[in-house]
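Read in order, the letters of the sequence shown are residues 947 to 1013 in the working numbering.
Yeah, the Cβ is synthetic: ideal placement off N, Cα and C, and Gly gets one too.
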Amino acid sequence: MDVSTKVKSLLNRGVRIQSAVACGITSKGTWRSSKTPGIQQALSNAYLRSQGLVELRDGWIRLHHFK
């Protein structure tokens, strides 16, 4: 994904322009970038839940404490 696409996507998710640009031009890989404030804001747990994803912790608890 190129820089402009990353920045536009982050802006569409409500990230401030300074954070979006900083995330877009970083040379960090995907995994390390996931810990940056801009990405954390854009891909919050609430957003990921709304997309149908579940937290690993919740799945582990359901699996191990099944009643």
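Check each candidate in Met947, Trp1006, His1010 and His1011 and name the one with the smallest Cα separation from glycine 975.
Along the sequence shown, read from residue 1 onward, the residue named residue 975 stands at position 29. Checked all of Met947, Trp1006, His1010 and His1011; the closest Cα to glycine 975 is Met947.
Nearest CA to the CA of lysine 952: which residue from Trp977, Lys981, Arg978 and Ile985?
Sequence index remark: in the sequence shown, residue 952 carries index 6 (1-based). Selected option, being the one with the closest Cα: Ile985.
Would you mind stating whether alanine 988 and valine 949 have Cβ atoms separated by less than 8 Å?
Stepping through the sequence shown from its first residue, residue 988 is reached at position 42. Stepping through the sequence shown from its first residue, residue 949 is reached at position 3. Contact flag unset, no.
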